[in-house]
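Here's the structure, in structure tokens; my notes come after.
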Amino acid sequence: MKDQLDELKSRLAGIVDLRAASALMSWDQETYMPPGSIEARAAQLATVGRLAHELFTSDGIADLLAGLADEVTGLHYDSDDASLIRVTRREFDKATRIPTELVAAIARESALAQHAWQEARSRSEFKYFRPHLEKLVALNVEKAEALGYEDRLYDPLLDQYEPEMTAAEVERAFSGLEAELVPLVQAIAEAAAGSGQQEFPFLYADYGEQEQWDFGVEVMRDFGFDFERGRQDRSAHPFTTSFSINDVRLTTRIQRDFLPSALFGSLHECGHGLYEQGVAARLDRTPLAGGASLSVHESQSRLWENLVGRSRGFWSHYYPHLKARFPGQLGDVDEDCFYRAINQVRPSLIRVEADEVTYNLHIILRFELENALLEGALTVADLPEAWNAKIEHYLGLVPGNDAEGVLQDIHWSMGAFGYFPTYTLGNLISSQLFDRAQQELSGLDQQIASGHFRELLHWLREKVHQHGQKYAAAELLDRIVGQGLAADSWLRHIRRKYSELYACNL
Ligand code: ZN
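Under the working numbering, the first residue of the sequence shown carries the number 2, and numbering increases by one thereafter.
Encoded structure:
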């Protein structure tokens with residue numbers, strides 16, 4: 002067994018290297034690559050991606066996994082070796098079930114669809130995107146059939162981003178959330194209206210780029226991001242990637258005329274980066290390095306961005322620092338006013354601009370619509386109307402055109418169905434974890450209010466980060482908080498926060 006296991010590890014390490022090379026080229030494409038190189042880079046990425054896929058789905062890996070199948074039962078479930086074999090088996094099965102022609106068809110169609118989506122969005126006319134989306138829905142149904150499922154067609158698609166989670170579990174959590182969230186948004190809006198000031202023009206003043214950058218870096222260092230093992234650069238759309246646990250790349254986008262964009266964007270990406278840096282060193286260069294799933298990853302970014310970064314305590318420490326960097330813009334804005342401004346809840350049409358509370362309604366809507374599309378309950382032709390009806394139902398707004406409605410997100414044009422729910426799952430998980438951290442770490446709120454995050458980071462490393470991909474989200478939650486996915490913790494957090502903010506009882 003030892004020989005086979007060593008052989009498996011050695012082959013997987015080579016595949017991990019190739020994937021890191023792809024990630025590095027993609028990072029470069031978004032940051033420093035000159036635009037003229039786009040075609041060359043696409044070819045390079047395709048070649049390296051194909052090589053990695055061929056090596057991973059090879060007979061050699063199949064034989065090694067088959068040979069190790071019996072022996073693994075003697076290993077402890079939590080051990081690195083058992084986890085490596087278990088996770089590799091799961092990913093191998095997924096990677097080999099989809100026929101190569103289908104993989105190619107999806108890649109080809111999504112390249113065309115993204116182009117059409119851009120065109121449709123800039124003209125704000127769904128009809129240009131419609132035939133492409135019809136093809137992508139059909140191809141995703143085919144993909145789900147190829148991957149196989151017991152209950153719902155949606156399950157294997159969700160599983161690509163969220164291993165072992167099912168549509169039924171998501172529905173359960175979302176229905177608890179939805180029932181309370183719609184009236185809660187209304188109640189918060191009324192409380193805010195009764196509290197006076199609702200416009201905060203100072204957020205849109207002119208803020209120097211270097212000062213914004215420096216403030217973000219100051220907070221990230223305090224959070225515990227290790228700049229010896231990572232760096233931050235600029236990109237059009239902020240993201241985090243890593244090439245090893247010792248090389249984690251964050252990107253940010255700085256807007257001169259809207260302060261919260263870079264501020265919270267940096268804290269968000271830093272949360273992702275802390276996770277990647279916190280995986281146990283012995284798992285590096287194995288498929289277990291990296292986050293457990295997209296929702297667990299998002300739970301880390303949201304925890305630092307929202308539960309820490311938008312808290313009263315955090316700003317009682319950092320507001321004087323921020324104000325010192327921007328005396329002209331924030332000179333006559335007191336801490337209370339600033340805190341209200343960055344926590345304002347206001348229904349809006351665009352998901353990426355949504356606040357902490359209404360954001361989840363944008364996700365629930367997308368989850369319902371993509372389920373209906375895949376299961377045949379809704380046709381692509383009827384999608385724009387269904388979208389508008391839902392956004393009116395959930396947020397009381399009507400999009401003025403398709404660009405503000407059904408065409409706003411890139412995900413479906415990339416063929417990514419089953420991705421959206423992971424954002425809200427991340428919000429729910431972040432609260433479940435933070436609640437537990439507050440119970441286990443005495444004085445956590447005071448630590449945050451003094452700019453001390455060492456204990457919180459240590460707790461997250463211990464409970465979440467070090468394990469890398471060993472456990473699926475529900476498994477990890479069960480180990481840490483003793484329950485599965487649930488919305489109550491997040492709802493409690495929101496009620497408490499806004500009751501305090503507007504001195505009312507929500
Ligand atoms: Zn994120």
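Ideal Cβ placement from N, Cα and C applies to all residues, glycine included. Quick caveat, the model's predicted, so the values are computed rather than measured.
In three-state terms, what does DSSP make of residue 292? coil
Tell me residue 251's beta-bridge partners as DSSP assigns them. 233, 241
Report yes if the C-beta distance between residue 267 and residue 427 is below 8 Å; otherwise report no. Note that the C-beta distance between residue 267 and residue 427 is not below 8 Å.
Does the beta-carbon distance from residue 192 to residue 503 come in below 8 Å? yes
Would you call the region 162-169 and the region 474-493 touching, i.e. three or more CB-CB distances under 8 Å? yes
Taking 7 Å as the cut-off, does the CB of residue 394 come closer than this to any heavy atom belonging to the ligand GDP? In the structure on display, the ligand GDP does not appear, and the ligands it does have are the ligand ZN.
Go ahead and pull the three-state DSSP assignment for residue 209. coil
Can you tell me whether residue 135 sits near the ligand ZN, meaning its C-beta is under 7 Å from at least one heavy atom of the ligand? no
Can you give, in chain order, each stretch of the alpha helix (DSSP H) that sits fully within the region 418-471 and has at least 4 residues? 422-441, 445-450, 455-464
Quick one: using the 10 Å Cβ neighbour count with 16 as the cut-off for buried, is residue 403 buried or exposed? buried
Less than 8 Å between the beta carbons of residue 113 and residue 418, yes or no? no
Select from 461, 73, 142, 55 the residue whose C-alpha is nearest the C-alpha of residue 101. 55
In or out: residue 394 buried (at least 16 other Cβ within 10 Å) or exposed? By the 16-neighbour rule on beta-carbons within 10 angstroms, residue 394 is exposed.
Residue 459 to residue 37 span [Cα, whole Å]: 44 Å
With a threshold of 7 Å, establish whether the CB of residue 269 neighbours any heavy atom of the ligand ZN. yes
Indicate whether residue 32 and residue 252 have their beta-carbon atoms separated by less than 8 Å. yes
For residue 481 versus residue 312, is the C-beta spacing smaller than 8 Å? no
Residue of 137, 9, 29, 89 minimising C-alpha distance to residue 415: 137
Which of helix, strand or coil DSSP assigns to residue 221: Residue 221 carries a helical assignment under DSSP once its states are collapsed to helix, strand and coil.
What would DSSP say about residue 504, mapped onto helix, strand or coil? coil
Which residues bound the alpha helix (DSSP H) around residue 199? Counting along the chain, residue 199 falls outside any alpha helix (DSSP H), and DSSP gives it neither H nor E.
What I want to know is whether the C-beta of residue 302 ends up closer than 7 Å to one or more non-hydrogen atoms of the ligand ZN. yes
To the nearest angstrom, report how far apart residue 195 and residue 108 are at their CA atoms. Going from the Cα of residue 195 to the Cα of residue 108 covers about 52 Å.
Measure how close the beta-carbons of residue 338 and residue 233 come, nearest whole angstrom, since I'm counting them as under 8 Å. Not quite, the Cβ-Cβ distance comes to about 29 Å (not below 8 Å), so this is no contact.
Taking only heavy atoms of the ligand ZN into account, decide whether any of them is closer than 7 Å to the Cβ of residue 299. Taking 7 Å as the cut-off, the C-beta of residue 299 counts as close to a heavy atom of the ligand ZN.
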